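Following our numbering, the numbering of the sequence shown begins with 170 at its first residue and continues without gaps.
Ideal placement from N, C-alpha and C gives every residue a C-beta, glycine not left out.
Bear in mind that the values here come from a model prediction, so they are computed numbers and not experimental data.
Below is one structure, written out as structure tokens; comments come after it.
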Amino acid sequence: MRRRSTMENIFTVGNYFIMIVFAFITFFPFYYIIIYSLSDPSAAQNGLITLWPKGFTLINYQSVFKVEYLANATLVTLTRTVLGTILTLMGCSLFAYGLTKSILPFRKTMYRLLIISMYISSGLIPMYLLITMLHLKNNFLVYVIPSIIAPFFLILIKTYIEQLPPALEEAAMVEGAGYFAIFFKIVLPLCLPIMATIAIFQAVNHWNSWMDNLFFVTDSRLLTLQMLLLNLIKSHTVSATAAATNELSGIKVTPNSIRMTITIVATLPIMIVYPFLQRFFIKGIMLGAVKG
Numbered sequence: 170m171r172r173r174s175t176m177e178n179i180f181t182v183g184n185y186f187i188m189i190v191f192a193f194i195t196f197f198p199f200y201y202i203i204i205y206s207l208s209d210p211s212a213a214q215n216g217l218i219t220l221w222p223k224g225f226t227l228i229n230y231q232s233v234f235k236v237e238y239l240a241n242a243t244l245v246t247l248t249r250t251v252l253g254t255i256l257t258l259m260g261c262s263l264f265a266y267g268l269t270k271s272i273l274p275f276r277k278t279m280y281r282l283l284i285i286s287m288y289i290s291s292g293l294i295p296m297y298l299l300i301t302m303l304h305l306k307n308n309f310l311v312y313v314i315p316s317i318i319a320p321f322f323l324i325l326i327k328t329y330i331e332q333l334p335p336a337l338e339e340a341a342m343v344e345g346a347g348y349f350a351i352f353f354k355i356v357l358p359l360c361l362p363i364m365a366t367i368a369i370f371q372a373v374n375h376w377n378s379w380m381d382n383l384f385f386v387t388d389s390r391l392l393t394l395q396m397l398l399l400n401l402i403k404s405h406t407v408s409a410t411a412a413a414t415n416e417l418s419g420i421k422v423t424p425n426s427i428r429m430t431i432t433i434v435a436t437l438p439i440m441i442v443y444p445f446l447q448r449f450f451i452k453g454i455m456l457g458a459v460k461g
């Protein structure tokens with residue numbers, strides 16, 4: 170085994186040091202928000218926390234979880250995230266599989282139009298008029314239908330499918346399998362890495378989405394978690410929630426501590442799910458983007 174030179178060792182140590190510094194810079198702000206939300210609000214407001222919570226308490230979370238419509242908004246967001254991600258995966262994968270078949274009429278034209286749509290958008294007003302004409306305003310389907318076909322995801326899946334060995338489909342056709350049987354029994358199972366990658370992207374998109382709620386939904390029963398928390402941050406509700414908690418617990422909850430807690434509540438679920446799909450991420454995104 171070749172011994173590493175002094176310069177190589179210095180280079181390796183330098184790389185590790187730089188990566189550790191960047192990791193710390195990236196992670197520490199979120200860590201600070203976590204310990205801020207778990208600290209006594211008055212101690213946090215006075216800048217007494219550094220690396221550990223000061224006066225550990227869950228009063229901030231108790232305050233946020235008492236917000237009206239929070240449970241319903243969480244359910245709506247969770248439902249749109251799961252349903253929207255599944256519909257996007259199925260819609261994009263079926264469309265992408267069809268675009269790989271030369272017998273599909275106008276497939277090149279459709280593919281070019283998809284690429285054009287990535288760079289040219291109709292804008293908000295035509296979108297609003299279309300949603301209104303389709304009677305999707307104040308309808309839960311407005312959260313999931315517009316995102317069923319996503320051009321970027323479709324291109325990734327199409328490229329991935331084109332890299333699969335053609336002999337697999339040819340053998341299945343010899344055995345009498347049709348296109349749908351081939352897709353669901355052969356192509357779809359082989360596309361799990363790219364599908365998991367897209368699932369991460371789309372689940373995060375749905376979980377964090379609030380613009381569609383802002384423009385197309387006024388029904389409080391369809392309020393999403395992000396929109397509810399945004400309204401809580403922007404309005405006087407933060408101060409009112411803090412004041413109400415102060416009266417009940419005797420602990421002085423501050424608006425800033427409520428905002429920090431809201432950030433954790435909105436972010437933590439995605440952070441919990443991400444590690445389970447992360448192993449597919451790099452493999453899927455690389456294999457789906459080798460060629461155009």
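{"Item": "Is there a Cβ of chain B sitting closer than 8 angstroms to that of Gly292, yes or no?", "Value": "The displayed structure is made up of one protein chain only, and chain B is not part of it."}
{"Item": "Apart from the five residues on each side of it in sequence, which residues of its chain come closer than 8 angstroms, Cβ to Cβ, to Leu397?", "Value": "Val236, Tyr238, Leu239, Ala242"}
{"Item": "Given a cut-off of 8 angstroms, decide if Gln371 and Thr219 are closer than it, judged by their beta-carbon atoms.", "Value": "no"}
{"Item": "Trp221 to Gly183, Cα distance in whole Å?", "Value": "29 angstroms"}
{"Item": "Could you give the first and the last residue of the continuous alpha helix (DSSP H) run that contains His375?", "Value": "361-377"}
{"Item": "Would DSSP call Asn308 helix, strand or coil?", "Value": "coil"}
{"Item": "Does DSSP classify Ser291 as helix, strand or coil?", "Value": "coil"}
{"Item": "I'd like the span of the alpha helix (DSSP H) that includes Gln332, first residue to last.", "Value": "That residue, Gln332, is in no alpha helix (DSSP H); it is neither H nor E in DSSP."}
{"Item": "Can you give the Cα-Cα distance for Met380 and Val386, rounded to whole angstroms?", "Value": "10 angstroms"}
{"Item": "Please report how far the alpha carbon of Ala346 lies from the alpha carbon of Ile289, in whole angstroms.", "Value": "39 angstroms"}
{"Item": "Can you tell me which of Thr430, Ser378, Ile355 puts its alpha carbon nearest to the alpha carbon of Leu401?", "Value": "Thr430"}
{"Item": "Counting only the same chain and skipping the five closest in sequence on each side, list residues whose C-beta sits under 7 angstroms from that of Thr432.", "Value": "Ile202"}
{"Item": "Quick one: grab the DSSP three-state call for Ile203.", "Value": "helix"}
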